[in-house]
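**Q** In the working numbering, the protein residues as written are 139 to 556.
Sending over a structure as structure tokens; questions will come in a sec.
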Ligand SMILES: Cc1cc2nc3c(=O)[nH]c(=O)nc-3n(C[C@H](O)[C@H](O)[C@H](O)COP(=O)(O)OP(=O)(O)OC[C@H]3O[C@@H](n4cnc5c(N)ncnc54)[C@H](O)[C@@H]3O)c2cc1C
């Protein structure tokens with residue numbers, strides 16, 4: 139069913155009783171050309187672009203829970219492409235461009251809102267680092283604007299400019315950055331893939347990866363029986379190392395919890411995405427329902443629990459109040475956690491593996507939501523053509539062994555610091 143104003147009117151007149159489900163619930167077939175493990179944003183986008191760009195439709199996406207139950211439905215919804223490194227910047231800029239046309243592309247309202255992202259700086263060092271970042275963006279044809287304190291004060295008058303431990307000195311603005319409604323992204327890609335013939339199989343956990351004598355993957359053991367495939371693609375985000383191990387891969391990834399928070403709804407007050415510069419780590423925006431959506435650091439220890447600890451709750455709220463004192467008058471309504479696949483350089487992996495027909499999409503740390511469209515497009519390209527998409531060519535699995543890390547924040551091989 140195509141969504142349009144006419145469909146809306148037609149269904150309104152018939153009492154909204156004839157809307158069809160957004161996707162089918164097929165039983166798994168015995169064999170597929172491609173199996174994608176993980177029905178998160180990246181797995182669904184990969185299936186969508188495989189079908190749309192490469193005409194490969196004999197695909198199953200296997201999801202152990204329900205579509206959108208993972209990080210794609212748990213993040214703070216920020217999109218941007220204000221990166222520094224050659225390995226990341228062109229990739230995230232492609233993603234931002236895809237977001238800009240996405241809703242028309244998959245005929246679904248994902249509420250893409252380019253309200254602008256402002257990264258604040260609080261010291262001379264940070265200003266220089268952001269100037270460098272902004273220059274790198276401009277050299278790649280990406281718009282960026284340095285704001286002085288006065289300009290920030292005009293846009294964000296409610297920040298603490300007076301008594302702050304780290305006074306706001308200015309910011310780096312990317313006007314095209316913003317937010318997207320996260321679960322609509324999962325639903326939009328799922329619906330688009332299903333319409334092109336992809337089987338979305340929910341409640342189907344992959345428990346083993348089966349290989350033949352030649353070492354090639356022939357299929358997966360699942361909670362719904364064995365399913366064969368010609369190519370296997372892993373897109374399990376926080377569980378990448380668990381699933382990788384099923385094929386004997388030791389991945390350069392640690393899993394950590396990241397929490398998100400939503401306040402009670404208030405009238406429109408924050409009309410940008412704001413991030414605390416590197417003196418702290420805090421980011422905030424306002425949802426269309428009025429809740430302030432914010433987050434901070436990862437909890438700092440490895441875990442597969444989708445909930446975090448109280449110490450980090452306190453830390454996040456302290457950072458928020460030190461930046462925006464008025465936050466102290468609001469109540470937090472909801473908080474939750476997601477499991478992050480942290481790599482050793484804070485950058486993702488989209489690559490083939492030492493096993494010829496096994497492909498890997500992982501290492502998204504806490505920045506993978508904004509990457510969803512480009513990740514799907516590039517991973518589909520890799521699976522279909524067996525060669526990397528040019529914007530993802532540096533996101534290789536063996537870069538740590540070869541000494542070619544894409545160290546975006548310059549913090550070295552410690553996932554808890556990225
Ligand atoms: C609190 C929080 C805030 C964040 N904020 C942002 C942000 O503002 N901007 C941004 O860009 N990024 C953000 N992120 C990161 C982003 O959400 C993730 O990097 C991204 O969603 C990961 O890719 P995904 O959507 O494919 O993951 P997921 O949705 O987690 O998909 C992976 C899927 O694999 C499934 N799976 C795992 N094991 C198996 C198995 N054995 N068999 C079958 N299925 C399996 C899981 O159930 C899951 O559904 C945030 C994350 C969190 C948790």
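Cβ atoms here follow ideal geometry from the backbone N, Cα and C, with glycine treated the same way.
Below 7 Å, is the gap between the Cβ of residue 377 and the nearest heavy atom of ligand 1?
**A** Locating residue 377 in the chain shown gives position 239, counting from the first residue. At least one heavy atom of ligand 1 is nearer than 7 Å to the Cβ of residue 377, so yes.
**Q** Between which two residues does the alpha helix (DSSP H) containing residue 579 stretch?
**A** The requested residue 579 does not occur in the structure, where the chain is confined to residues 139 to 556.
**Q** Is the distance from the Cβ of residue 191 to the Cβ of residue 518 below 8 Å?
**A** On the chain shown, position 53 is the one that residue 191 refers to. On the chain shown, position 380 is the one that residue 518 refers to. Yes, Cβ-Cβ distance for residue 191 and residue 518 is below 8 Å.
**Q** Within a Cβ cutoff of 6 Å, which residues of the same chain sit near residue 470, ignoring the five residues on either side of it in sequence?
**A** Taking the chain shown and counting its residues from 1, one reaches residue 470 at position 332. The answer, listed in chain order, is 399 and 401.
**Q** Would you list the one or two residues that DSSP bridges to residue 344?
**A** Within the chain shown, numbered from 1, the residue matching residue 344 stands at position 206. Bridge partners of residue 344: 360.
**Q** Tell me which same chain residues have a C-beta within less than 6 Å of the C-beta of residue 454, skipping the five on either side of it?
**A** On the chain shown, position 316 is the one that residue 454 refers to. Answer for residue 454: 434, listed in chain order.
**Q** Pull up the distance between the alpha-carbon of residue 530 and that of residue 349, whole angstroms please.
**A** Along the chain shown, read from residue 1 onward, the residue named residue 530 stands at position 392. Along the chain shown, read from residue 1 onward, the residue named residue 349 stands at position 211. Whole-angstrom Cα-Cα distance: 27 Å.
**Q** Keeping to the same chain, check which residues put their C-beta closer than 7 Å to that of residue 494; ignore five residues upstream and five downstream.
**A** Taking the first residue of the chain shown as position 1, residue 494 is located at position 356. Here the set comprises 354.
**Q** For the region 154-172 against the region 480-489, are there 3 or more C-beta pairs whose distance is under 8 Å?
**A** no
**Q** Which residue's Cα is closest to the Cα of residue 539: 472, 279, 229 and 388?
**A** Counting from one through the chain shown, the residue named residue 539 turns up at place 401. Closest option to residue 539, Cα to Cα, is 388.
**Q** In the DSSP assignment, find the unbroken alpha helix (DSSP H) run with residue 288 in it and report its ends.
**A** Start at 1 with the first residue of the chain shown, and residue 288 comes out as number 150. That run of the alpha helix (DSSP H) goes 287-293.
**Q** When DSSP labels each residue in this structure, what does residue 371 get in the three-state scheme?
**A** Taking the first residue of the chain shown as 1, we reach residue 371 at position 233. Looking at residue 371 - three-state DSSP - the assignment turns out to be strand.
**Q** What is the rounded straight-line gap between the Cα of residue 474 and the Cα of residue 360?
**A** Walking along the chain shown from the start, residue 474 turns up at place 336. Walking along the chain shown from the start, residue 360 turns up at place 222. In this structure, the straight-line span from the alpha carbon of residue 474 to that of residue 360 is close to 28 Å.
**Q** Please go through the same chain and pick out, in chain order, the residues whose beta-carbon is closer than 7 Å to the beta-carbon of residue 228, but skip the five residues on each side of it.
**A** Along the chain shown, read from residue 1 onward, the residue named residue 228 stands at position 90. For residue 228, where only same-chain residues beyond five positions count, the Cβ hits under 7 Å are 278 and 529.
**Q** Taking just the CA atoms, how far does residue 524 sit from residue 428?
**A** The residue labelled residue 428 in the question sits at position 290 within the chain shown. The residue labelled residue 524 in the question sits at position 386 within the chain shown. Roughly 45 Å between the two C-alpha positions.
**Q** Is the Cβ-Cβ distance between residue 450 and residue 393 less than 8 Å?
**A** Position 312 of the chain shown, counting from 1, holds the residue named residue 450. Position 255 of the chain shown, counting from 1, holds the residue named residue 393. No, Cβ-Cβ distance for residue 450 and residue 393 is not below 8 Å.
**Q** Assign residue 453 to one of three DSSP states: helix, strand, or coil.
**A** Counting from one through the chain shown, the residue named residue 453 turns up at place 315. It is helical.
**Q** Among the residues of its own chain, which have a CB less than 8 Å from the CB of residue 238, if the five just before and after it don't count?
**A** Within the chain shown, numbered from 1, the residue matching residue 238 stands at position 100. Excluding residues within five positions, the ones whose Cβ falls inside 8 Å are 250, 252 and 314.
**Q** Ligand 1 and residue 391: does any heavy atom of the ligand fall closer than 7 Å to the residue's C-beta?
**A** Your numbering for residue 391 matches position 253 in the chain shown. For ligand 1, not one heavy atom lies less than 7 Å from the Cβ of residue 391.
**Q** Just the C-alpha distance for residue 231 and residue 281, rounded to the nearest angstrom, thanks.
**A** By 1-based counting over the chain shown, the position of residue 231 is 93. By 1-based counting over the chain shown, the position of residue 281 is 143. If I take the Cα positions, the gap works out to 10 Å.
**Q** Mind listing, in chain order, the continuous beta strand (DSSP E) runs of no fewer than 3 residues lying wholly within the region 458-534?
**A** 470-481, 487-490 and 496-500
**Q** Please report the straight-line C-alpha distance between residue 272 and residue 316, rounded to a whole angstrom.
**A** For the purposes of this step, residue 272 is taken as residue 134 along the chain shown, with counting starting at 1. For the purposes of this step, residue 316 is taken as residue 178 along the chain shown, with counting starting at 1. Distance from the CA atom of residue 272 to the CA atom of residue 316, rounded to whole angstroms, is 17 Å.
**Q** I want to check one thing, is the minimum distance from the CB of residue 488 to the heavy atoms of ligand 1 below 7 Å?
**A** Indexing the chain shown from 1 puts residue 488 at position 350. Residue 488: no, Cβ never under 7 Å from ligand 1.
**Q** Which residues bound the beta strand (DSSP E) around residue 392?
**A** Here residue 392 is taken as the residue at index 254 of the chain shown, counted from 1. Segment 391-403, the beta strand (DSSP E) holding residue 392.
**Q** Using the beta-carbon count (16 or more within 10 Å), is residue 211 buried or exposed?
**A** Here residue 211 is taken as the residue at index 73 of the chain shown, counted from 1. It is buried - the Cβ of residue 211 has at least 16 other Cβ atoms within 10 Å.
**Q** Distance, Cα to Cα, residue 419 vs residue 413?
**A** Here the question's residue 419 lines up with position 281 in the chain shown. Here the question's residue 413 lines up with position 275 in the chain shown. Going by the C-alpha atoms only, they are around 7 Å apart.
**Q** Give me the DSSP bridge partner(s) of residue 242.
**A** Position 104 of the chain shown, counted from the first residue, corresponds to residue 242. Residue 242 is not bridged to any residue.
**Q** So is the beta-carbon of residue 176 under 7 Å away from any non-hydrogen atom of ligand 1?
**A** If you number the chain shown from 1, residue 176 lands on position 38. Yes, the beta carbon of residue 176 sits closer than 7 Å to at least one heavy atom of ligand 1.
**Q** Should the region 160-171 be called in touch with the region 505-512, which here means at least 3 C-beta pairs below 8 Å?
**A** Put simply, the region 160-171 does not touch the region 505-512. Fewer than three CB pairs are less than 8 Å apart.
**Q** In this structure, how does DSSP classify residue 426 when only helix, strand and coil are distinguished?
**A** On the chain shown, residue 426 is found 288 positions in, with the first residue counted as 1. In the structure shown, residue 426 sits in coil (DSSP, three-state: anything other than H, G, I, E or B).
**Q** Which residues bound the beta strand (DSSP E) around residue 298?
**A** Along the chain shown, one-based indexing puts residue 298 at 160. Counting along the chain, residue 298 falls outside any beta strand (DSSP E), and DSSP gives it neither H nor E.
**Q** So does residue 235 have its beta carbon nearer than 7 Å to some heavy atom of ligand 1?
**A** Mapped onto the chain shown, residue 235 falls at position 97. Outside the cutoff, so no.
**Q** Residue 269 lies in the alpha helix (DSSP H); which residues open and close that run?
**A** Position 131 of the chain shown holds residue 269. Counting along the chain, the alpha helix (DSSP H) containing residue 269 begins and ends at 262-277.
**Q** Can you grab the Cα-Cα spacing for the pair residue 492 / residue 554, in whole Å?
**A** As a first step, residue 492 must be located in the chain shown, where it is residue number 354. As a first step, residue 554 must be located in the chain shown, where it is residue number 416. Rounded to whole angstroms, residue 492 to residue 554 spans 27 Å at the Cα level.
**Q** In the DSSP output, which residue or residues are listed as bridge partners for residue 337?
**A** Locating residue 337 in the chain shown gives position 199, where the first residue counts as 1. In the DSSP assignment, residue 337 forms a beta bridge with 198.
**Q** Compute the Euclidean distance between the alpha carbons of residue 261 and residue 245, then round it to the nearest angstrom.
**A** What you label residue 261 is simply residue 123 of the chain shown in a count that begins at 1. What you label residue 245 is simply residue 107 of the chain shown in a count that begins at 1. Rounded to the nearest angstrom, the two C-alpha atoms are 44 Å apart.
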